[in-house]
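**Q**
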Amino acid sequence: MSDNDDEKVSLVVFFLIWAELQGWIVPAIHIAMCNFLQHRGRLAVLQVFRGVGKSTIIAIYNAWRYYIDPTYRILHQGDQDKTAFKTSRDTKNVIMRHPLTRHMTGGIKGDITFWWVPGHNDPRNPSMQASGILSNITSSRADEIQNDDVEVQKNVETPESREKLRHRLNEQIHIGVPGSITIFIGTPHTHNSLYDEQIEM
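Read left to right, the sequence shown gives residues 1078 to 1278 (the numbering used here).
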């Protein structure tokens, strides 16, 4: 976070402002997820049950990250491009409508794959890059790498597909800058789940 964080609200407060605008009834698990996302370490696993709204929370979290620091760079990867693009669109939607980030709206540049928020100072690496886990992301750099439901049935149904997924994940070591954060978000799809491997680490 930046040096002026004392003037910024926490992720929980940022989320509750958004939830009130949407008219949501907020379950305790959403507060717990926000606290986890704000205070986790450099390697984390958010492993939760289906239907809890994890992708929605991640989009709100992303918008909060740019509210805290507009120079922050996120690589968001899903099981395929179109699922990653959903979170990219949702993040933009939060930025454009949230009272604390609405001022950024007019200055956002780029498309759904790569985009930059106002105040971002890296013309080569965007604020948000969204792609599928099997897509080419060579030469990208990020402060945070999000693996959102990259483990799905088609990616882990054979030993070969599981090995290909792990190879792609290992390539991320060349993308994260020193001190970067990596998070895995999802639900296990196999007894030999990559989420279990990351938790053991």
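Quick reminder that beta carbons are idealized off the backbone N, C-alpha and C, glycines included.
Being a predicted model, the structure only gives us computed values, none of them experimental.
Give every residue of the same chain whose Cβ lies closer than 6 Å to the Cβ of VAL1202, excluding the five residues on either side of it in the sequence, and list them in chain order.
**A** The residue you asked about is not Val; residue 1202 is Asn in the sequence shown. If we look at ASN1202 and ignore the five residues flanking it on each side, its Cβ neighbours are ARG1150 and ARG1218.
**Q** Please give the ranges of any alpha helix (DSSP H) in the segment 1113–1184, keeping only runs that are unbroken, at least 4 residues long and fully inside the region.
**A** You should have 1131–1145 and 1158–1174.
**Q** Would the beta-carbon of ILE1214 fall within 8 Å of that of VAL1194?
**A** Against a cut-off of 8 Å, the Cβ pair of VAL1194 and ILE1214 comes out as no contact.
**Q** With distances taken from CA atoms, which of ILE1108, GLY1184, ASN1112 and GLN1124 is nearest LYS1169?
**A** Considering only alpha carbons, the answer is GLY1184.
**Q** For GLN1115, which of LEU1177, GLY1155, ILE1137 and ALA1207 has the nearest alpha-carbon?
**A** Taking only the C-alpha atoms, the option nearest GLN1115 is ILE1137.
**Q** Looking at the strands, I want to know which residues DSSP matches up with ILE1222.
**A** Per DSSP, LEU1152 and THR1259.
**Q** Here's the rule I'm using: 16 or more other beta-carbon atoms within 10 Å means buried, otherwise exposed. How should HIS1175 be labelled?
**A** Buried, because 16 or more other Cβ atoms sit within 10 Å of the Cβ of HIS1175.
**Q** Can you tell me whether DSSP reads VAL1254 as helix, strand or coil?
**A** It is a strand residue.
**Q** Measuring CB to CB, does MET1110 end up less than 8 Å from TYR1143?
**A** No, these two residues do not count as a Cβ contact at 8 Å.
**Q** How many Å lie between HIS1268 and PHE1126 at the Cα?
**A** With a pLDDT of 49 at HIS1268, under the threshold of 50, the modelled position of this residue cannot be trusted, and the question is left open.
**Q** So, using beta-carbon positions, are MET1205 and SER1165 closer together than 8 Å?
**A** Taking 8 Å as the Cβ cut-off, MET1205 and SER1165 qualify as a contacting pair.
**Q** Determine the closest residue to HIS1107 out of LEU1088, ASN1198, GLY1187 and ASP1226, with distance taken between C-alpha atoms.
**A** Measuring from the Cα of HIS1107, the nearest candidate turns out to be LEU1088.
**Q** Tell me the DSSP secondary structure of TRP1095 in three-state form.
**A** DSSP places TRP1095 in helix when its eight states are reduced to three.
**Q** Nearest to ILE1210 by CA position, among GLY1128, GLN1157 and PHE1091, is which residue?
**A** Answer by Cα proximity: GLN1157.
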